[in-house]
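Residue numbers (this note's numbering), protein chains in the order written: chain D, 1 to 106; chain H, 1001 to 1106. Ideal placement from N, C-alpha and C gives every residue a C-beta, glycine not left out. Keep in mind that this is a model prediction, so the values were computed, not measured. What follows is a short report on a single structure.
There are 2 protein chains.
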Amino acid sequence: MRRDIFQAIADPTRRAIIALIAFQAMTPNAIAENFNTTRQAVSKHLQILTECRLVKQEQQGREIYYSLEIEKMKEIDKWLGQFRKIWESRFNELDKVLLTIKSNKK
Amino acid sequence: MRRDIFQAIADPTRRAIIALIAFQAMTPNAIAENFNTTRQAVSKHLQILTECRLVKQEQQGREIYYSLEIEKMKEIDKWLGQFRKIWESRFNELDKVLLTIKSNKK
DNA sequence: TATTTATGAAACCAATCGGTTGCAAATATA
DNA sequence: TATATTTGCAACCGATTGGTTTCATAAATA
Chain D
1 MRRDIFQAIA
11 DPTRRAIIAL
21 IAFQAMTPNA
31 IAENFNTTRQ
41 AVSKHLQILT
51 ECRLVKQEQQ
61 GREIYYSLEI
71 EKMKEIDKWL
81 GQFRKIWESR
91 FNELDKVLLT
101 IKSNKK
Chain H
1001 MRRDIFQAIA
1011 DPTRRAIIAL
1021 IAFQAMTPNA
1031 IAENFNTTRQ
1041 AVSKHLQILT
1051 ECRLVKQEQQ
1061 GREIYYSLEI
1071 EKMKEIDKWL
1081 GQFRKIWESR
1091 FNELDKVLLT
1101 IKSNKK
């Protein structure tokens, strides 16, 4: 089935994994040490993250290092873009009001 | 149970609803017309969105107008912040390389 | 007042989710 | 070579999800 970034970041453990490997690549075992679950559960999360290209792997002997595909994270940012326009314009509206109040004070 | 924004935006129908009511408040019936599901299904989505304060309602007679709580959307933006730092610094790294190539050309 | 309209809530259902245990395969090490 | 380590995969399980149908309630309208 088709994997989706938004579905991938829906799980709190996966968000924690993402944050964990954002700065340095880590093996599944090392990642699992940070959570209260089995290594296999972490492995399944990594599989989901890999399926939607949020994470990339690099084999090194029998170890596999997982790291964040930061470019993919921009897709969320891109989706947020349409709403950012709104909250920025709302801020501007408020800004105008404040400026009006200011100028009326004079 | 505790509702989460990330879980709320995980569903594609809910993301579509969010985009739909971002600019103008709409009733459940009007929203449902845009989807290939029953009004009740949309109602359940709206309930989930309301639970995590992504959406607010305003009763008007027997109609209820739903609209986006844009402030709540900033929470996603805030979470993205930690990664934005990374992709911006990566861009700067690339920038430096390009500048080095440029200066070496001279 | 009787009827239509707009809505939420409950009961149910198949599919998916996040977790587990158990296993097989590949690589490193004694 | 025998053993230990690292990992992915399959089978299973209870809880949750997104959908449906059915019903109750409140407001508008004939």
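| Asked | Found |
| --- | --- |
| Three-state secondary structure (DSSP) of Q59(D) | strand |
| Distance, I1070(H) Cα to G81(D) Cα | 12 Å |
| Which of helix, strand or coil DSSP assigns to I1064(H) | strand |
| Contact under 7 Å by Cβ, M1073(H) with F83(D) | yes |
| Within chain H, partners of I48(D) - CB distance below 8 Å | Per Cβ cutoff of 8 Å: no residues; I48(D) is ~12 Å from chain H at best. |
| Selection of the segment 1009 to 1031 of chain H by Cβ proximity to chain D, strictly under 9 Å | I1009, A1010, D1011, P1012, R1015, I1018, A1019, A1022, F1023 |
| Residues that DSSP places opposite M26(D) in a beta bridge | Y66(D) |
| Sub-7 Å separation of I9(D) and R15(D) beta-carbons | yes |
| Beta carbon proximity, L54(D) to chain H, threshold 7 Å | no |
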